[in-house]
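K.L.:
2 protein chains.
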Amino acid sequence: MSANDRIINAVVTMITDGDLQPGDRLPPEAELAVRVGTSRGSLREAVRVLAYLGILDVRVGDGTYVTSLDGPSLLRGLGLIGHVATDKTALEIFEIRRILEAAATEKAAINITDDEVAELEDVVAQLAAETDGERFVELDMRFHNLIAAASGNAALRELVASFSVQTQRARLMQGRFVDGILEQSRAEHEAIFRHIKAGQPALAAAAATAHVANVEHWLRQAHDEARAADASAADRHREHG
Amino acid sequence: MSANDRIINAVVTMITDGDLQPGDRLPPEAELAVRVGTSRGSLREAVRVLAYLGILDVRVGDGTYVTSLDGPSLLRGLGLIGHVATDKTALEIFEIRRILEAAATEKAAINITDDEVAELEDVVAQLAAETDGERFVELDMRFHNLIAAASGNAALRELVASFSVQTQRARLMQGRFVDGILEQSRAEHEAIFRHIKAGQPALAAAAATAHVANVEHWLRQAHDEARAADASAADRHREHG
DNA sequence: GCAAGGGTAATCATCTGACGTCTTTGCGCA
DNA sequence: TGCGCAAAGACGTCAGATGATTACCCTTGC
Numbered sequence: 000m001s002a003n004d005r006i007i008n009a010v011v012t013m014i015t016d017g018d019l020q021p022g023d024r025l026p027p028e029a030e031l032a033v034r035v036g037t038s039r040g041s042l043r044e045a046v047r048v049l050a051y052l053g054i055l056d057v058r059v060g061d062g063t064y065v066t067s068l069d070g071p072s073l074l075r076g077l078g079l080i081g082h083v084a085t086d087k088t089a090l091e092i093f094e095i096r097r098i099l100e101a102a103a104t105e106k107a108a109i110n111i112t113d114d115e116v117a118e119l120e121d122v123v124a125q126l127a128a129e130t131d132g133e134r135f136v137e138l139d140m141r142f143h144n145l146i147a148a149a150s151g152n153a154a155l156r157e158l159v160a161s162f163s164v165q166t167q168r169a170r171l172m173q174g175r176f177v178d179g180i181l182e183q184s185r186a187e188h189e190a191i192f193r194h195i196k197a198g199q200p201a202l203a204a205a206a207a208t209a210h211v212a213n214v215e216h217w218l219r220q221a222h223d224e225a226r227a228a229d230a231s232a233a234d235r236h237r238e239h240g
Numbered sequence: 000m001s002a003n004d005r006i007i008n009a010v011v012t013m014i015t016d017g018d019l020q021p022g023d024r025l026p027p028e029a030e031l032a033v034r035v036g037t038s039r040g041s042l043r044e045a046v047r048v049l050a051y052l053g054i055l056d057v058r059v060g061d062g063t064y065v066t067s068l069d070g071p072s073l074l075r076g077l078g079l080i081g082h083v084a085t086d087k088t089a090l091e092i093f094e095i096r097r098i099l100e101a102a103a104t105e106k107a108a109i110n111i112t113d114d115e116v117a118e119l120e121d122v123v124a125q126l127a128a129e130t131d132g133e134r135f136v137e138l139d140m141r142f143h144n145l146i147a148a149a150s151g152n153a154a155l156r157e158l159v160a161s162f163s164v165q166t167q168r169a170r171l172m173q174g175r176f177v178d179g180i181l182e183q184s185r186a187e188h189e190a191i192f193r194h195i196k197a198g199q200p201a202l203a204a205a206a207a208t209a210h211v212a213n214v215e216h217w218l219r220q221a222h223d224e225a226r227a228a229d230a231s232a233a234d235r236h237r238e239h240g
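Chains as they are written, first to last, in my numbering: chain A, 0 to 240; chain B, 0 to 240.
1. If you count every other CB in all the chains shown that lies within 10 Å of the CB of B:GLY240, and 16 or more means buried, which is it?
2. Tell me the residue span of the beta strand (DSSP E) that contains A:GLY60.
3. Ordered along the chain, which non-local residues of its own chain (more than five positions away) have a Cβ less than 6 angstroms from that of A:ALA190?
4. Taking any Cβ of chain A, which residues in the segment 33 to 44 of chain B have a Cβ under 7 angstroms from it, in chain order?
5. Would you please state the rounded distance, in angstroms, between the beta carbons of B:LEU68 and A:VAL83? I believe it to be under 8 angstroms.
6. Given a threshold of 16 other Cβ atoms within 10 Å of its Cβ, counted over all protein chains shown, does B:GLU182 qualify as buried or as exposed?
7. For A:GLY40 versus B:GLY40, is the C-beta distance shorter than 8 angstroms?
8. I'd like to know if the segment 108 to 126 of chain A and the segment 70 to 82 of chain A are in contact, where contact means that at least 3 CB-CB pairs between them fall below 8 angstroms.
9. Taking only beta carbons into account, state which residues of the segment 64 to 87 of chain B come closer than 8 angstroms to chain A, listed in chain order.
10. Could you please give the first and the last residue of the uninterrupted alpha helix (DSSP H) stretch that includes B:ALA125?
11. Could you tell me the alpha carbon to alpha carbon distance between B:GLU91 and B:ARG97, rounded to whole angstroms?
12. Compare the C-beta of B:PRO27 with all C-beta atoms of chain A and state if any pair is closer than 8 angstroms.
13. Just checking: is the beta-carbon of B:GLU189 within a distance shorter than 8 angstroms of some beta-carbon in chain A?
14. Going by Cα to Cα distance, which pick from A:VAL57, A:ALA186, A:GLU105 and A:ALA197 is closest to A:ALA127?
15. Under 8 angstroms by Cβ, that's how I've got A:HIS188 and A:VAL123 pegged, so tell me the actual separation to the nearest angstrom.
16. State yes or no: is the C-beta of B:VAL48 within less than 8 angstroms of the C-beta of B:ILE80?
17. Taking only the alpha-carbon atoms, compute the straight-line gap between A:ASP139 and A:ILE146 and give it to the nearest angstrom.
18. Less than 8 angstroms between CB atoms is the rule here; does A:GLU242 satisfy it with respect to chain B?
19. Check the Cβ of B:GLU133 against every Cβ in chain A and list those closer than 7 angstroms, keeping chain order.
20. Any beta carbon of chain B sitting closer than 8 angstroms to that of A:LEU52?
21. Taking the alpha-carbon positions, what's the A:GLY62 to A:LEU42 distance?
22. Name, please, each residue of chain B whose Cβ falls closer than 8 angstroms to the Cβ of A:GLU91.
23. With a threshold of 8 angstroms between beta-carbons, can B:THR104 be considered close to chain A, or not?
24. May I have a chain-ordered list of the alpha helix (DSSP H) segments no shorter than 4 residues that lie completely inside the segment 25 to 111 of chain A?
25. In this structure, does DSSP put A:GLN199 in helix, strand or coil?
26. Excluding the 5 residues preceding and the 5 following A:GLN199 in the sequence, name in chain order all residues of the same chain whose CB lies nearer than 8 angstroms to its CB.
27. Could you check which residue in B:GLU94, B:GLN125 and B:ARG58 has the C-alpha nearest to that of B:PRO27?
28. Helix, strand or coil: how does DSSP classify B:GLY240 here?
29. Report the rounded CA-to-CA distance for A:THR88 versus B:LEU218, giving the unit in angstroms.
30. State the DSSP-derived secondary structure class of A:ILE14, mapped to helix, strand or coil.
31. For B:GLU224 and A:LEU119, what's the separation of their Cα atoms in angstroms?
32. Taking Cβ positions only, does A:THR15 come closer than 8 angstroms to chain B?
33. Can you grab the Cα-Cα spacing for the pair A:ARG156 / A:VAL211, in whole Å?
34. How about A:LEU99 and A:PHE192: are their beta carbons less than 8 angstroms apart?
35. Using alpha carbons as the reference points, say which of A:ALA117, A:THR12, A:THR85 and A:SER1 lies closest to A:ALA197.
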């Protein structure tokens, strides 16, 4: 085991054992390095990892603290996944998103507050009027994020957000299905909202599943088409080379 | 933005832009540090984070490589979450696990192979005969992991595993409900297996949901009891202090 | 007495240089 | 042709120094 993993385990153990509680401040880097028997450089590498995972919070000029250790903090490090995943993995992730989004929508139909309903209605109205692809994607993300927040499960919200990366949606908008997608998406958004507002969890979940499945279908189509275009370009290149 | 985040973004951008493909080797640390305009120490901190996230693979004496970027690699970094999460977050995570486990079980009932059925049946048989708490927990994890694997979605499998930490189950076994839990768990495991083997996705999913919900219930009970014991101990201490 | 300002100390951020350890690779030898 | 060993390259770790930033306290003025 590398010194790095050893340090990470040492800090994590301190937390699980209760020696370090949320909000607690760690000893200075130099002191902590001596205590775990390593150099400051190696310690910093471990601390950096734990900071990225949302377990530690490093404040310049102040010190290093244990975070609140709540769901959103700990799941925020997932953000990179959707960006670097390969196409095959992206489809697996999309399936997970469909599962989580349906569950979040179902819970939202039960737990949503009046204020949140109003906010969501506003976004739906903006979506109905939006024709610009980029702004549409932005509103779409806000729509789904509001629903996930209304589910009442903060960890679930963050997880859904991690699996709904803008990259994929933006890629989708570059295809030539834009017009059809926009219109159908609008209709599906309104259906989801209607069921949530009416307090119909089963219907809302079904509508969410259908919506994400459709987006998945479009993505798959765009992906196949891009591959076909690549192959055809390669063929031409081979012929002319 | 700190230099560290800048470096992380630089590497991630190289991957998303296609300059770095899965399996590719990065330039040596010293060279890469110069190229992104930083020192080797700072670069190493960024590389360490990306390695922990499953994006880079550092091999001593050889070099640093881009991983396969598949689901399991990218989700393995989540393992720490269940260990450090607070009690409130743990319940949120448990709810997510219930959602994911049900979905994985449903998919397993559709996609499981004959070999996997046999393997699962073997674990069920062992669970039926096991009386030792620790070994029971181990078999229980293996049971759920096999199902998640049989779902056919590797990312989903890894995600379920991340949210099913042994810590919580072990904690549960230390309570005094052990006997009742073991018996009921056994029955639920057999029901889940029966529905999967029969190719009944809806029934399998329902059984999985019920099972996880029961474990959640036991955990909550154990948690409340522990809190009550703590409070009572504190009272005694106050009286005698 | 209180509030605003500056100065000091503590802490993290970054860089430099060096040496140890491990893996790979290619050469020489049997 | 196969084996063994040595050298080179890469990461692992450490030590020290300096800059940047923040928190805290003390002074000063109202």
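C-beta atoms are modelled at their ideal positions from N, C-alpha and C, and glycine is treated no differently.
P.N.:
So, from the data block:
1. In the second sequence, the residue the question calls residue 240 of chain B occupies position 241. Its pLDDT being 40, under 50, B:GLY240 is placed unreliably by the model, and nothing is read from it.
2. The residue labelled residue 60 of chain A in the question sits at position 61 within the first sequence. Element bounds for A:GLY60: n/a, residue is neither H nor E.
3. The sequence position of residue 190 of chain A within the first sequence is 191, counting from 1. ALA206, listed in sequence order.
4. Within the segment 33 to 44 of chain B, the residues whose Cβ lies closer than 7 angstroms to some Cβ of chain A are GLY40, ARG43 and GLU44, listed in chain order.
5. Translated into the one-based positions of the second sequence, residue 68 of chain B becomes position 69. Translated into the one-based positions of the first sequence, residue 83 of chain A becomes position 84. Going by Cβ atoms, the distance from B:LEU68 to A:VAL83 rounds to 5 angstroms, so yes, they are a contact pair.
6. What you label residue 182 of chain B is simply residue 183 of the second sequence in a count that begins at 1. Result: exposed.
7. Numbered from 1 along the first sequence, position 41 holds the residue referred to as residue 40 of chain A. Numbered from 1 along the second sequence, position 41 holds the residue referred to as residue 40 of chain B. Result yes, Cβ atoms of A:GLY40 and B:GLY40 sit closer than 8 angstroms.
8. No: fewer than three Cβ pairs fall under 8 angstroms.
9. SER67, LEU68, ASP69, GLY70, LEU73, LEU74, GLY76, LEU77, LEU79, ILE80, HIS82, VAL83, ALA84, THR85 and LYS87
10. Residue mapping note: residue 125 of chain B aligns to position 126 of the second sequence, counting from 1. Checking the displayed sequence, the identity of residue 125 of chain B turns out to be Gln instead of Ala. Segment 113 to 128, the alpha helix (DSSP H) holding B:GLN125.
11. Taking the second sequence and counting its residues from 1, the one referred to as residue 91 of chain B is at position 92. Taking the second sequence and counting its residues from 1, the one referred to as residue 97 of chain B is at position 98. The straight-line gap from Cα to Cα measures roughly 10 angstroms.
12. Counting from 1 along the second sequence, the entry for residue 27 of chain B is found at position 28. Using beta-carbon distances, B:PRO27 does not count as an interface residue toward chain A, since no partner is under 8 angstroms.
13. Working through the second sequence from its first residue, we reach residue 189 of chain B at position 190. Not closer than 8 angstroms to any Cβ of chain A, the Cβ of B:GLU189 fails to qualify, so no.
14. The residue you call residue 127 of chain A lines up with position 128 of the first sequence. It is A:ALA186 whose Cα lies nearest to the Cα of A:ALA127.
15. By one-based count along the first sequence, residue 188 of chain A stands at place 189. By one-based count along the first sequence, residue 123 of chain A stands at place 124. Rounded, the Cβ-Cβ distance is 6 angstroms, consistent with contact.
16. By 1-based counting over the second sequence, the position of residue 48 of chain B is 49. By 1-based counting over the second sequence, the position of residue 80 of chain B is 81. Result no, Cβ atoms of B:VAL48 and B:ILE80 do not sit closer than 8 angstroms.
17. As a first step, residue 139 of chain A must be located in the first sequence, where it is residue number 140. As a first step, residue 146 of chain A must be located in the first sequence, where it is residue number 147. If you take the alpha carbons of A:ASP139 and A:ILE146, they lie about 11 angstroms apart.
18. No answer is possible for residue 242 of chain A: it lies beyond the span of chain A, which begins at 0 and ends at 240.
19. Taking the second sequence and counting its residues from 1, the one referred to as residue 133 of chain B is at position 134. Per Cβ cutoff of 7 angstroms: no residues; B:GLU133 is ~18 angstroms from chain A at best.
20. As a working note, residue 52 of chain A is residue 53 in the first sequence. Yes, its Cβ sits closer than 8 angstroms to a Cβ of chain B.
21. By 1-based counting over the first sequence, the position of residue 62 of chain A is 63. By 1-based counting over the first sequence, the position of residue 42 of chain A is 43. Cα to Cα, the separation comes out at about 14 angstroms.
22. On the first sequence, residue 91 of chain A is found 92 positions in, with the first residue counted as 1. By Cβ distance, chain B contributes GLY70, ASN152, ALA153, ALA154 and LEU155.
23. Reading the second sequence from its first residue, position 105 is the one you call residue 104 of chain B. No, its Cβ sits nowhere closer than 8 angstroms to a Cβ of chain A.
24. 28 to 34, 39 to 51, 70 to 74, 80 to 83 and 86 to 110
25. As a first step, residue 199 of chain A must be located in the first sequence, where it is residue number 200. It is coil, neither helix nor strand.
26. Taking the first sequence and counting its residues from 1, the one referred to as residue 199 of chain A is at position 200. Within the same chain, A:GLN199 has close Cβ partners ALA108.
27. In the second sequence, residue 27 of chain B corresponds to position 28, counting from 1. When each option's Cα is compared against that of B:PRO27, the closest is B:ARG58.
28. Here residue 240 of chain B refers to the residue found at position 241 when the second sequence is read from its first residue. Below a pLDDT of 50, predicted positions are generally treated as unreliable, and B:GLY240, at 40, falls in that range; no measurement from the model is reported.
29. Taking the first sequence and counting its residues from 1, the one referred to as residue 88 of chain A is at position 89. Taking the second sequence and counting its residues from 1, the one referred to as residue 218 of chain B is at position 219. Using only the alpha carbons, I get a separation of about 33 angstroms.
30. Position 15 of the first sequence, counted from the first residue, corresponds to residue 14 of chain A. Note: A:ILE14 maps to helix in three-state DSSP.
31. The sequence position of residue 224 of chain B within the second sequence is 225, counting from 1. The sequence position of residue 119 of chain A within the first sequence is 120, counting from 1. Each residue's Cα considered, the two are about 40 angstroms apart.
32. As a working mapping, residue 15 of chain A is identified with position 16 in the first sequence. It does: the Cβ of A:THR15 has a partner Cβ on chain B nearer than 8 angstroms.
33. Reading the first sequence from its first residue, position 157 is the one you call residue 156 of chain A. Reading the first sequence from its first residue, position 212 is the one you call residue 211 of chain A. CA-CA distance, A:ARG156 to A:VAL211, rounds to 16 angstroms.
34. Position 100 of the first sequence, counting from 1, holds the residue named residue 99 of chain A. Position 193 of the first sequence, counting from 1, holds the residue named residue 192 of chain A. Contact flag unset, no.
35. Taking the first sequence and counting its residues from 1, the one referred to as residue 197 of chain A is at position 198. Of A:ALA117, A:THR12, A:THR85 and A:SER1, the residue nearest in Cα terms is A:ALA117.
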